[in-house]
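Residue numbers (UniProt numbering): 1 to 89. Heads up, the thing below is written out as structure tokens.
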Amino acid sequence: KSRGVRVEVDSSDDRMAKKIVNHTNMKVPFMLLAGDKDAEAGAVSFRLGDRTQINGVPRDEAVEMIVRWIADRINEVPTAETVKAGAAK
1 KSRGVRVEVD
11 SSDDRMAKKI
21 VNHTNMKVPF
31 MLLAGDKDAE
41 AGAVSFRLGD
51 RTQINGVPRD
61 EAVEMIVRWI
71 ADRINEVPTA
81 ETVKAGAAK
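Given below as structure tokens:
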């Protein structure tokens with residue numbers, strides 16, 4: 001939020017798979033997932049609009065990738081390929 005990105009935390013009691021399905025159906029472009037191992041490592045997994053996933057992304061890097069995507073005004077469904085390409089800039 002401090003970087004101007006709308007953020008929503010799903011703290012419902014639903015199983016992770018159901019949460020992913022719900023937010024995919026809502027066409028959320030970026031979902032950040034953090035299981036116990038991710039949290040310990042200070043990382044997240046990206047679940048993207050095309051249903052691809054990038055695992056083990058450091059939190060700060062994940063935030064930068066999303067902020068850059070928004071700043072570049074990329075108006076397409078994010079995919080693992082396009083997000084990684086944007087991160088390489």
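Positions of the beta carbon are idealized from the N, C-alpha and C atoms, including for glycine. Here the structure is a predicted model, which means the values were calculated and not measured.
Might you give, ordered along the chain, the residues of its own chain that have their beta carbon closer than 8 angstroms to the beta carbon of R59, omitting 5 neighbours on each side? G42, A43, V44
Under 8 angstroms, with one C-beta from each stretch per pair, do the region 47–54 and the region 72–87 reach the 3-pair mark? yes
Ends of the alpha helix (DSSP H) at N25? 16–25
Mapping the DSSP letters down to three states, classify I74 as helix, strand or coil. coil
Can you give me the C-alpha to C-alpha distance between S2 and I66, rounded to a whole angstrom? 13 angstroms
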